[in-house]
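As given, the protein sequences belong to chains A and B, one line each in that order.
Under my numbering, the first residue of the first sequence carries the number 3, and numbering increases by one thereafter.
Under my numbering, the first residue of the second sequence carries the number 27, and numbering increases by one thereafter.
Please read the structure below before turning to the comments.
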Amino acid sequence: DTEVTQTPKHLVMGMTNKKSLKCEQHMGHRAMYWYKQKAKKPPELMFVYSYEKLSINESVPSRFSPECPNSSLLNLHLHALQPEDSALYLCASSQGTLPAQETQYFGPGTRLLVL
Amino acid sequence: AQSVTQLDSQVPVFEEAPVELRCNYSSSVSVYLFWYVQYPNQGLQLLLKYLSGSTLVESINGFEAEFNKSQTSFHLRKPSVHISDTAEYFCAVGEETSGSRLTFGEGTQLTVNP
């Protein structure tokens, strides 16, 4: 199994809702990432987990809360989002834990619309 | 901190023509260089990467890139493109320093026309 899966594919939520994005990989990778990508823009790193521990938090607002329940799963909990948070949310994983030099394997993303 | 500049936001070409997508970076230390491709409604996929060794790297689908340290460039080339190469291409750089992350360029939309 050489892929990263993400659910749901699409999500529409109101500003008062609570929802979660899920990401899964079964490649035995030791690092997992969350990125946010706006249309026609590059991905922006949000969080990195190494060996199931949060290693990088790029000053993301607290309305985004990551969780790594085990080595294969990564969640992103969403609460009280703003319309400007609408974007494609990408999950990625890598074998090693050095983000600057690892090949990252990306999932297809969750397209989020906040109304 | 490192930065990446992709000089062309859009590159339209005809099928079977050669193409070059340009990428320049800025860094004061050794770097790792990547090209990722993003097809419509998909995540990113690694196309090729330079970590060390030979400065010319190749992908399995005919793309190649050459690391030029003196010009701080990592341009992507393909001698003959296909319609299926239409996609967004991102150059990315990471530094050989503790805690470094990947920095992505703004992307180049390659459109291959029949």
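Quick reminder that beta carbons are idealized off the backbone N, C-alpha and C, glycines included.
Whole-Å CB distance - residue i paired with residue j, under 8 Å assumed
i, j, result
"B/Glu46", "B/Leu128", "Incorrect: roughly 22 Å between the Cβ atoms, too far for contact."
"A/Leu92", "A/Gly109", "6 Å"
Interface residues of chain A facing residue i [CB-CB closer than 7 Å]
i, result
"B/Phe130", "Pro44, Pro45"
"B/Tyr58", "Ala102, Gln103"
"B/Glu121", "Ala102"
Residues near residue i by beta carbon distance below 6 Å, same chain, minus five either side
i, result
"A/Cys117", "The question names Cys, yet the displayed sequence has Leu at residue 117 of chain A. Answer for A/Leu117: Gly16, listed in chain order."
"A/Ala33", "Ser52, Ser96, Thr99"
"B/Asn50", "Thr31, Thr98, Ser99"
"A/Ala82", "Arg65"
Residues that residue i contacts on chain B, provided the C-beta gap is smaller than 7 Å
i, result
"A/Gly111", "Gly69"
Closer than 9 Å at the beta carbon, the chain A residues around residue i
i, result
"B/Leu77", "Gln103"
"B/Arg127", "Leu47, Val50, Ile58, Glu60, Pro101, Ala102"
"B/Gly133", "Lys42, Lys43, Pro44"
"B/Phe116", "Pro44, Pro45"
heavy atom of the ligand SAM below 8 Å from residue i C-beta
i, result
"B/Leu128", "In the structure on display, the ligand SAM does not appear, and there are no ligands present to speak of."
Pick from the options that is closest to residue i, judged by C-alpha positions
i, options, result
"B/Cys117", "B/His108, B/Ser99, B/Phe130", "B/Phe130"
"A/Phe185", "A/Arg113, A/Asn59, A/Lys40", "Since the first residue shown for chain A is 3 and the last is 117, residue 185 of chain A is missing from the structure and cannot be characterised."
"B/Thr112", "B/Ser126, B/Leu77, B/Glu42", "B/Glu42"
"A/Leu76", "A/Gln84, A/Ser67, A/Leu83", "A/Ser67"
"A/Pro63", "A/His31, A/Pro10, A/Glu86, A/Thr105", "A/Glu86"
"A/His31", "A/Glu5, A/Thr18, A/Leu23", "A/Glu5"
"A/Cys70", "A/Leu83, A/Lys55, A/Ser61", "A/Lys55"
"B/Val39", "B/Val83, B/Ser106, B/Phe60", "B/Ser106"
"A/Ser57", "A/Pro101, A/Thr112, A/Thr7, A/Leu115", "A/Pro101"
"B/Ser109", "B/Tyr62, B/Asn139, B/Gly120", "Checking the sequence, you will find Ile at residue 109 of chain B rather than Ser. B/Ile109 has its Cα closest to that of B/Asn139, out of B/Tyr62, B/Asn139, B/Gly120."
Close beta carbons around residue i, own chain, < 7 Å, minus the five adjacent residues each side
i, result
"A/Lys21", "Leu13, Met15, Leu80"
"B/Ser85", "Leu73, Leu74"
Listed by chain order, chain B residues near residue i by CB distance under 8 Å
i, result
"A/Leu92", "Gly69, Leu70"
Proximal chain B residues relative to residue i, where beta-carbon distance stays under 9 Å
i, result
"A/Phe66", "Near A/Phe66 there are no residues of chain B at all, since even the closest Cβ is about 17 Å away, more than 9 Å."
Quick one: complete alpha helix (DSSP H) runs, 4+ long, within the region 60-121 of chain B?
none
Beta strand (DSSP E) runs contained entirely in the region 13-58 of chain A, provided each spans 3 or more residues
Those beta strand (DSSP E) runs which fall completely within the region 13-58 of chain A and span 3+ residues are 20-27, 33-39, 46-52.
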